[in-house]
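S.K.: Got a structure for you, written out below as structure tokens; questions coming shortly.
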Amino acid sequence: MKRQELLVAALENGTVIDHIPSNKLFEVVNLLHLEEMKTSITVGYNLRSKKMGHKSIIKIAGKFFSDDEINQLAVVSPNVTLSVIRDYEVVEKKEVVLPDELRGIVKCANPKCITNNEPMKTLFHVISGEKAMLRCHYCNKEISLEHVKLI
Ligand SMILES: [Zn+2]
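Note that this note's numbering has the sequence shown beginning at 36, numbered continuously upward.
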């Protein structure tokens with residue numbers, strides 16, 4: 036094990052979220068509602084990474100996420116990887132996949148959009164292409180994935 040990894044405590048059972056761009060750490064925390072969890076969570080912030088320069092890691096004890104929950108992370112950082120840990124061993128590695136639809140996590144950029152004026156969940160369709168774009172279901176406003184604002 037590399038010294039870097041030792042800085043973050045070993046996990047008996049749970050999920051490790053790795054390769055989070057450090058400036059996106061708090062968005063990941065919000066998206067997964069980690070602040071509401073009762074289990075222990077270890078955060079490694081601004082760790083050195085050969086591939087990324089700096090990255091952050093989150094280790095969540097005793098928690099396993101559904102694919103739907105995990106795939107929401109594609110909105111903030113498509114290169115995040117997840118490891119599922121059981122008995123101190125990685126039993127599964129997952130990559131995030133941008134879903135076809137995003138419900139209730141992205142804010143519409145159109146101030147006149149009904150979702151900005153009524154208490155309702157937003158809904159975006161993902162238009163895949165060279166650069167992923169999102170289209171608001173209600174007002175058809177298109178937003179590039181890089182510029183989305185989370186709710
Ligand atoms: Zn809209």
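All residues carry an ideal CB built from backbone N, CA and C; glycine is no exception.
Measuring alpha carbon to alpha carbon, tell me which of Ser75, Asn175, Asn145 and His54 ends up nearest Val111.
M.R.: Taking only the C-alpha atoms, the option nearest Val111 is His54.
S.K.: From Glu104, Lys86, Asn145 and Lys128, pick the residue whose C-alpha is nearest to that of His68; which is it?
M.R.: Nearest option by C-alpha distance: Glu104.
S.K.: If you reduce the DSSP assignment to three classes, tell me which class Val131 lands in.
M.R.: Looking at Val131 - three-state DSSP - the assignment turns out to be coil, as it is neither helix nor strand.
S.K.: Let me check you understand the geometry: is the CB of Lys176 closer than 7 Å to at least one non-hydrogen atom of ligand 1?
M.R.: Yes, since a heavy atom of ligand 1 falls inside the 7 Å radius drawn around the Cβ of Lys176.
S.K.: Does the contact criterion of 3 or more C-beta pairs under 8 Å hold for the segment 165–173 versus the segment 139–149?
M.R.: Judged by Cβ distances under 8 Å, the segment 165–173 makes contact with the segment 139–149, as three or more pairs qualify.
S.K.: Specify the secondary structure class of Leu185 as computed by DSSP and reduced to three states.
M.R.: Of the three classes helix, strand and coil, the one that applies to Leu185 here is strand, per DSSP.
S.K.: If I follow the unbroken alpha helix (DSSP H) through Glu104, where does it start and stop?
M.R.: That run of the alpha helix (DSSP H) goes Asp102 to Asn106.
S.K.: Reducing DSSP to helix, strand and coil, say where Phe61 ends up.
M.R.: Note: Phe61 maps to helix in three-state DSSP.
S.K.: Check whether the segment 72–81 and the segment 115–129 are in contact - that is, three or more C-beta pairs closer than 8 Å.
M.R.: Contact fails: fewer than three Cβ-Cβ distances are below 8 Å.
S.K.: Would Lys90 be called buried (16 or more neighbouring beta carbons within 10 Å of its own) or exposed?
M.R.: Lys90 is buried by the Cβ-count criterion.
S.K.: Here's a check: name, in chain order, each residue in its chain whose Cβ is nearer than 8 Å to the Cβ of Val183, leaving out the five neighbours to either side.
M.R.: If we look at Val183 and ignore the five residues flanking it on each side, its Cβ neighbours are Val110, Val141, Lys142 and Leu169.
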